[in-house]
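Remarks on the structure that follows.
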Amino acid sequence: MIGKYLFAALLVVPPCLAPAQQQHLSNIDDFIAKQVVDYKMPGLAIGVIRDHQVIFKKGYGTTSLSNGLAVNTQTVFPISSCTKSFTAVALGILVEENKLNWDDKVIQYLPEFKLSDPWITKELTIIDLLSHRSGLATFDGDLLWYGTSYTRKEIAQKIRYATIRNDFRTEMGYQNVMYLVAGLVVEAISGKTWEAFVREQIFVPLGMSNSHTDREWLKPGSNFAFPHIRNKPIPPMDMSNIAPAGGIDASIDDLLIWMEMWLGEGSVEEKRFVDDGAIQTMTSLKVLTSESADNGYGLGWYINYEQVKKIIRHDGGMPGYHSSIVLFPETGSGIVILTNKLSPINDQLINVIKSYLQGPTVMNWLTADSAMSAKGTVYKWDREPENVNKLNSSITGFDDY
Numbered sequence: 020m021i022g023k024y025l026f027a028a029l030l031v032v033p034p035c036l037a038p039a040q041q042q043h044l045s046n047i048d049d050f051i052a053k054q055v056v057d058y059k060m061p062g063l064a065i066g067v068i069r070d071h072q073v074i075f076k077k078g079y080g081t082t083s084l085s086n087g088l089a090v091n092t093q094t095v096f097p098i099s100s101c102t103k104s105f106t107a108v109a110l111g112i113l114v115e116e117n118k119l120n121w122d123d124k125v126i127q128y129l130p131e132f133k134l135s136d137p138w139i140t141k142e143l144t145i146i147d148l149l150s151h152r153s154g155l156a157t158f159d160g161d162l163l164w165y166g167t168s169y170t171r172k173e174i175a176q177k178i179r180y181a182t183i184r185n186d187f188r189t190e191m192g193y194q195n196v197m198y199l200v201a202g203l204v205v206e207a208i209s210g211k212t213w214e215a216f217v218r219e220q221i222f223v224p225l226g227m228s229n230s231h232t233d234r235e236w237l238k239p240g241s242n243f244a245f246p247h248i249r250n251k252p253i254p255p256m257d258m259s260n261i262a263p264a265g266g267i268d269a270s271i272d273d274l275l276i277w278m279e280m281w282l283g284e285g286s287v288e289e290k291r292f293v294d295d296g297a298i299q300t301m302t303s304l305k306v307l308t309s310e311s312a313d314n315g316y317g318l319g320w321y322i323n324y325e326q327v328k329k330i331i332r333h334d335g336g337m338p339g340y341h342s343s344i345v346l347f348p349e350t351g352s353g354i355v356i357l358t359n360k361l362s363p364i365n366d367q368l369i370n371v372i373k374s375y376l377q378g379p380t381v382m383n384w385l386t387a388d389s390a391m392s393a394k395g396t397v398y399k400w401d402r403e404p405e406n407v408n409k410l411n412s413s414i415t416g417f418d419d420y
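When we follow the working numbering, the leftmost residue of the sequence shown carries the number 20, and every step to the right adds one.
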């Protein structure tokens, strides 16, 4: 059933590319199409930048197996935790406007905010919020927002009861609630909701007209990718109470603009959007994720080095969705992949395309062996009980959409 939708969307390859490069991209296109079938993906959209130029963008499959609309590069997908870089930039804009300093204490703007440790409460800075070094362990506090009716302010108030389990500032604990708190800082300083600030200060100036901070725009027939579990469409999860950490919906076309801004060190088409110093601050290591000094987290991004070359990446996941954005700043290159089913396909495609971006030839990923490996991987992944259990949850009904 999935296969009949595969080639409904337009492949965009710049005509200025040399014939050999066009052939390589055609091979990659064929490979992606086959992987979409082998991984049983309902829908997928992808974009690739090389040397600051969009060289490939395309949609595959369908927005929902129940309606058969073709995915294209304007199809809107939830990007989940890839939202975090937007919240970091929102605060960077306030820094640039001299309304905030990165090292300001959180309680300077949210005097009622508390963690369980009084000293950490007093010392916690904006950088600490955004770099996951608050002392809270990974995902601590997530049960306050996941599937609850608590407001953001209520969640921020209740996080004081979470035990500090990590070493403050030296140990990373991946956090959604601290990004929620960062969103509250944006609101306290700007006098606007986080949603309005991101729309007015990021989406509009960059021309990201197909990006959203809420779902008020979503109507029947909208070009929106619905999530799938075990190849059945389900209603999308409401992320409004954790939006600054994972609530943005966007298209490939818009995210390519976003990536160009980062690769341009704050500029798009020679127009300055964010100070390059802020970009450098956000893409430099603030806390390590391992004993290696080459892997860690900045502000809204994971940072690591492969053979001395810097790679900036973030992924996002929620029931029925997976998003990946990868930037290679030294070569002005990047990859974005959005899917409406959780699966290992993103890493598979990133490895293939990274090989292409790093050299003139497409590596031997483009083989039948790789496709067979994909079939085995997705078969195993779909049947592991922990994957099935963690994807099935109580979420909003279809009638709300």
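For glycine and all other residues, C-beta sits at the position ideal for the given N, C-alpha and C.
Under the 8 Å Cβ criterion, the segment 256 to 272 counts as touching the segment 96 to 116, having at least three qualifying pairs.
With contacts defined as CB atoms closer than 9 Å, N260 and T167 qualify as a contacting pair.
The Cβ atoms of F245 and N359 sit closer than 9 Å to each other. Rounded to the nearest whole angstrom, the CA to CA distance from M301 to T92 is 27 Å. By the Cβ test, the segment 217 to 234 is in contact with the segment 103 to 119, since at least three Cβ pairs between them sit closer than 8 Å. Scanning its chain for C-beta atoms nearer than 7 Å, with the 5 sequence neighbours on each side dropped, one finds around L282 the residues I68, H71, L346, P348, G351, G353, in chain order. Rounded to the nearest whole angstrom, the CA to CA distance from G285 to Q176 is 34 Å. Looking at the DSSP output, T358 bridges to L63, H341. With 16 or more other Cβ atoms from the protein chains shown falling within 10 Å of its own Cβ, D272 counts as buried. Cβ neighbours of E131 within its own chain (closer than 8 Å, five residues either side excluded): Q176. Secondary structure in the segment 272 to 308: no beta strand (DSSP E) run of 3 residues or longer lies completely within the stretch. Counting of Cβ neighbours within 10 angstroms places T94 among the buried residues, the total reaching 16 or more. Scanning P338, V355, G336 for the CA closest to the CA of I344 turns up V355. Where E325 is concerned, the enclosing beta strand (DSSP E) starts and stops at 321 to 325. Within the same chain, Cβ atoms closer than 6 Å to the Cβ of L113 are found at L119, I208, the five residues on either side in sequence being excluded. The straight-line gap separating the alpha-carbon atoms of K328 and Q40 is approximately 23 Å. Counting along the chain, the unbroken beta strand (DSSP E) around F75 starts and ends at 72 to 80. For Y316, the enclosing beta strand (DSSP E) covers residues 314 to 316. Taking every protein chain shown into account, the CB of E325 has fewer than 16 other CB atoms within 10 angstroms, so this residue is exposed.
Counting along the chain, the unbroken alpha helix (DSSP H) around Q54 starts and ends at 38 to 57. Contact between P61 and N250 is confirmed by a C-beta separation of about 7 Å, below the 8 Å threshold. Three or more beta-carbon pairs drawn from the segment 150 to 163 and the segment 192 to 199 are found closer than 8 Å, and the two stretches are therefore classed as touching.
Inter-residue distance for L84 and Y375 is about 32 Å (C-alpha atoms, whole angstroms). Here P252 is buried: its Cβ has 16 or more other Cβ atoms, across all protein chains shown, within 10 Å. Here L357 is not near G336, since their CB atoms are 9 Å or more apart. Within the same chain, and ignoring the five residues on either side of L274 in sequence, the residues whose Cβ sits closer than 6 Å to its Cβ are V355.
DSSP, read as helix, strand or coil, puts F222 in helix.
A52 has its alpha-carbon roughly 35 Å from the corresponding atom of E214.
The shortest CA-to-CA distance from D122 to any of P97, S150, K133, H333 is the one to S150.
DSSP places T144 in the strand class (E or B) of the three-state scheme.
Look at S352 here: in three-state DSSP terms it is strand. Put simply, the backbone Cα of K172 is about 14 Å away from that of L134.
One Cα belongs to F216, the other to D233, and the distance between them is close to 13 Å. Taking C-alpha positions only, I174 is separated from H333 by approximately 24 Å.
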